[in-house]
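First the structure, in the form of structure tokens, and then the observations on it.
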Amino acid sequence: MSDVTGLPMVFTGDGLPERVRIHEVGPRDGLQNEKGTVPTAVKAEFIRRLAAAGLTTVEATSFVHPKWVPQLADAEELFPQVKDLPVRLPVLVPNERGLDRALALGARRVAVFASATESFAKANLNRTVDESLAVFAPVVARAKEAGLHVRGYVSMCFGDPWEGAVPPHQVVEVCRALRAMGCDELSLGDTIGVATPGHVLELLSLLNEEGVTTDVIGVHFHDTYGQALANSYAALQHGVTTFDASAGGLGGCPYAKSATGNLATEDLVWMLTGLGVETGVDLAALTATSGWMAEQLGRPSPSRTVRALSHKES
Ligand code: HMG
Ligand code: MG
14 MSDVTGLPMV
24 FTGDGLPERV
34 RIHEVGPRDG
44 LQNEKGTVPT
54 AVKAEFIRRL
64 AAAGLTTVEA
74 TSFVHPKWVP
84 QLADAEELFP
94 QVKDLPVRLP
104 VLVPNERGLD
114 RALALGARRV
124 AVFASATESF
134 AKANLNRTVD
144 ESLAVFAPVV
154 ARAKEAGLHV
164 RGYVSMCFGD
174 PWEGAVPPHQ
184 VVEVCRALRA
194 MGCDELSLGD
204 TIGVATPGHV
214 LELLSLLNEE
224 GVTTDVIGVH
234 FHDTYGQALA
244 NSYAALQHGV
254 TTFDASAGGL
264 GGCPYAKSAT
274 GNLATEDLVW
284 MLTGLGVETG
294 VDLAALTATS
304 GWMAEQLGRP
314 SPSRTVRALS
324 HKES
């Protein structure tokens, strides 16, 4: 690397996509898991700084039951403060009640969130997999009618803390159901971070064989076992162009105890930059944002890239 630029040297990888879109989940997936509640003004500033750093999709918050995720109970207060930013601002909606709340505030992108396993569907949504898909169907239909973009998350795509290994065909079934309902894109969640690159490639190939094309697939890796970047590289080689990541590596899931931090956006941007893959993200501005957020939270960022670049400055 060059000590002067704070960026890696570029060696373009053969056959990789020229550009990818990072779906930043820090303000939602990151902050939903904080012990303390982050003030709304700090969340709004976080989103503004992420947008200013070049992230074009920033998942802002969730319109879920405030008792289930108290950290995001200020969605009604927060969303109007950021909604006019010139970036995509998807929000999570678990049911029609959530969609109504999002529509009332003018949200243009929503995400439903399904599970590949029964245990997590119960823990996260208080429903079976089929019951939750039945709840999502009218949400997706109404959102599409209103001209919204709809993402369909699938959690526990690679392993589940209660059920262990998750057979890939089980994941495919849920993905196909979400696409059939009208979801524009999917996000494959490795909620507890157990995936390895071969497993990622196996699932992507099976999805393709079953008619789910790579252009509608995003990947959502958690770094619990240190595999998130390796898994991202595998997905990139397969042709995936949508990558979820969380600034500073914030996050987890309050309803899956073994879910630790998400893949840090900075670590992803460092790798992609070195491979010559465009992200549009200003790494220095992003690192400064995560440094600022770490100060707000009173603890250092778990992102290796944030730490390395911060040490370099001091
Ligand atoms: P429930 O208790 O079964 O709800 O929870 P219900 O449908 O029986 O309704 C009970 C009451 O809640 C009713 O009020 C509803 O109106 C109200 P009452 O009539 O008793 O006065 N209610 C709501 N209020 C506000 N907003 C709403 C809403 N819905 C119902 N949207 C429910 C079911 C889905 C609501 C609950 O389980 C829930 O909110 N779950 C959210 C869990 C969550 O947000 N988890 C984290 C996100 S997923 C994730 O992090 C994984 C991901 O990152 C990918 C990965 O890593 O794998 C995406
Ligand atoms: Mg997650």
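Quick note: the sequence shown uses this note's numbering, first residue 14, plus one each step.
All C-beta atoms, glycine included, are put in the ideal place defined by N, C-alpha and C.
In terms of Cα proximity to T25, the closest of G287, D236, S145 and V125 is G287. Residue state for N244 is assigned as helix, using DSSP reduced to three classes. H36 sits close to T70, with the two beta carbons spaced by under 8 Å.
Segment contact: the stretch 205-214 against the stretch 134-145, fewer than three CB-CB distances shorter than 8 Å; contact not assigned. Rounded to the nearest whole angstrom, the CA to CA distance from A301 to G262 is 14 Å. P83 is a Cβ neighbour of T50, given a cutoff of 8 Å. Checking the 7 Å criterion, the Cβ of G262 is out of range of every heavy atom belonging to ligand 2. Per DSSP, the beta bridge partners of L201 are V167 and V232.
Here the C-alpha atom of L118 lies approximately 16 Å from the C-alpha atom of N108. Counting other Cβ atoms within 10 Å of its Cβ, N244 reaches 16 or more and is therefore classed as buried. For F256, the uninterrupted beta strand (DSSP E) segment begins and ends at T255 to A258. Relative to ligand 1, even the nearest heavy atom lies 7 Å or more away from the CB of W175. With a cut-off of 7 Å, the C-beta of Y166 is classified as near ligand 1, since at least one heavy atom of the ligand falls inside that distance. When rounded, the separation of the alpha-carbon atoms in A248 and F59 is 28 Å. Placement of the Cβ of Q45 at a distance of less than 7 Å from at least one heavy atom of ligand 1 is found.
As DSSP reads the structure, I35 sits in a beta bridge with F256. Counting only runs of 4+ residues, the alpha helix (DSSP H) found wholly inside the stretch 84-159 occupies 88-95, 109-117, 131-138 and 142-158, in chain order. Residue nearest to R41 within the set V106, T18 and M22 is V106 (criterion: CA-CA distance).
The C-beta of W175 has fewer than 16 other C-beta atoms within 10 Å across all chains shown, which makes the residue exposed. Residue state for D173 is assigned as strand, using DSSP reduced to three classes. Taken through DSSP and simplified to helix, strand or coil, S316 comes out as coil. Taking 7 Å as the cut-off, the C-beta of H36 does not count as close to any heavy atom of ligand 2. Rounded to the nearest whole angstrom, the CA to CA distance from V319 to L85 is 25 Å.
In the DSSP annotation of this structure, the continuous segment of the alpha helix (DSSP H) that includes A307 starts and ends at L296 to L310. For R189, the uninterrupted alpha helix (DSSP H) segment begins and ends at P181 to M194.
With a threshold of 16 other beta carbon atoms within 10 Å, Q240 meets it and is buried. H162 carries a strand assignment under DSSP once its states are collapsed to helix, strand and coil.
The C-beta distance from S168 to S128 rounds to 5 Å, short enough to fall under 8 Å. If you check the C-beta of D42 against ligand 1, you find a heavy atom less than 7 Å away. E223 places its beta carbon 8 Å or farther from that of R192.
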